[in-house]
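Residue numbers (my numbering): 630 to 912.
Even glycine gets a Cβ: it sits at the ideal position worked out from N, Cα and C.
Since this is a predicted model, take the numbers as computed values, not measurements.
Below is one structure, written out as structure tokens; the observations come after it.
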């Protein structure tokens, strides 16, 4: 007898979960990066953020993310990025180091590390970080991580919010969707904040249909810290992403209807199209 759809989702979530070795870049380089930036720039602290640290990273796709809180007056975001890049080049002259807003990306043999320059705001919990198109935007990674974790531990859906975030990010990477991973994670948490149980084929369909229904609209920050959370960095990216959402919503609905008819073969076929050919085989 072949797998059930539920077993297929369990296998996919397991395959999306990073291995211990994916954390090696952060472990290996953190101390040297922190020392380098302290000597060259002056910093309050360097701390790990992002999906790997938070438990929503995707195996082989998610980078090690750090935010560096820099001392002194806040310059332009271009200047801040250039200073971090210059400091890192001085320490790693043979590595490929480039700016990819909002971070500086260091490509190491054991994985990529992203360093985002940040300037703490007067509230003590949020930071100014480089915006996608220039200037600065507000980020509060600690507050947002707390929010997702709170939803993730609601009785009845324990683990659901973070697993759904991982599924959405897998969809993003498998289909080359130019959408923000942070946006997808916050939408996953927002969805599960109103749920009392988890059923992956239902929840995936309903969530994609919700994204489709509001046209990938920016969402209000549930913590009220950083204003509106944008899905994409440009109108072109938004248009392309919405097209991919529409396709995913259509195929996820087909999978759900097939499950209702106990047509596991058809459900697996539709889910395979949702995940760009990467959904586990039924047999």
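Range of the contiguous beta strand (DSSP E) that encloses residue i
i: residue 674; result: 672-678
i: residue 707; result: Residue 707 -> not in any beta strand (DSSP E); alpha helix (DSSP H) instead, spanning 706-720.
i: residue 745; result: 740-749
Closest Cα partner of residue i within the set the options
i: residue 900; options: 796, 841 and 866; result: 796
i: residue 665; options: 836, 883, 744 and 632; result: 744
i: residue 674; options: 792, 696 and 840; result: 696
i: residue 800; options: 877, 839 and 858; result: 877
i: residue 718; options: 760, 661 and 690; result: 661
i: residue 786; options: 734, 827 and 769; result: 827
i: residue 703; options: 632, 722, 671 and 846; result: 671
i: residue 819; options: 898, 793, 679 and 645; result: 793
i: residue 742; options: 872, 690 and 765; result: 690
i: residue 765; options: 829, 680 and 750; result: 750
i: residue 658; options: 738, 685 and 753; result: 738
i: residue 829; options: 677, 882 and 872; result: 882
Alpha-carbon to alpha-carbon, residue j and residue i
i: residue 656; j: residue 891; result: 46 Å
i: residue 706; j: residue 867; result: 24 Å
i: residue 711; j: residue 856; result: 27 Å
i: residue 842; j: residue 874; result: 10 Å
i: residue 887; j: residue 748; result: 51 Å
i: residue 740; j: residue 693; result: 8 Å
i: residue 783; j: residue 837; result: 22 Å
i: residue 835; j: residue 733; result: 36 Å
i: residue 789; j: residue 859; result: 23 Å
i: residue 905; j: residue 757; result: 36 Å
i: residue 845; j: residue 668; result: 43 Å
i: residue 871; j: residue 903; result: 14 Å
Cβ pair residue i, residue j closer than 8 Å
i: residue 709; j: residue 759; result: yes
i: residue 816; j: residue 840; result: yes
i: residue 854; j: residue 715; result: no
i: residue 909; j: residue 736; result: no
i: residue 852; j: residue 769; result: yes
i: residue 688; j: residue 746; result: no
i: residue 896; j: residue 728; result: no
Terminal residues of the alpha helix (DSSP H) in which residue i lies
i: residue 642; result: 634-645
i: residue 690; result: Premise fails: residue 690 is in no alpha helix (DSSP H) and is neither H nor E.
i: residue 810; result: 810-821
Exercise. Of all the alpha helix (DSSP H) runs that stay within the bounds of the stretch 883-909, which reach a length of 4 or more residues?
Worked result: Annotation note: the stretch 883-909 contains the following uninterrupted alpha helix (DSSP H) runs of length 4 or greater, listed N- to C-terminal: 893-903.
Exercise. Which full runs of the alpha helix (DSSP H) of 4+ residues lie inside the stretch 759-792, going along the chain?
Worked result: 770-781
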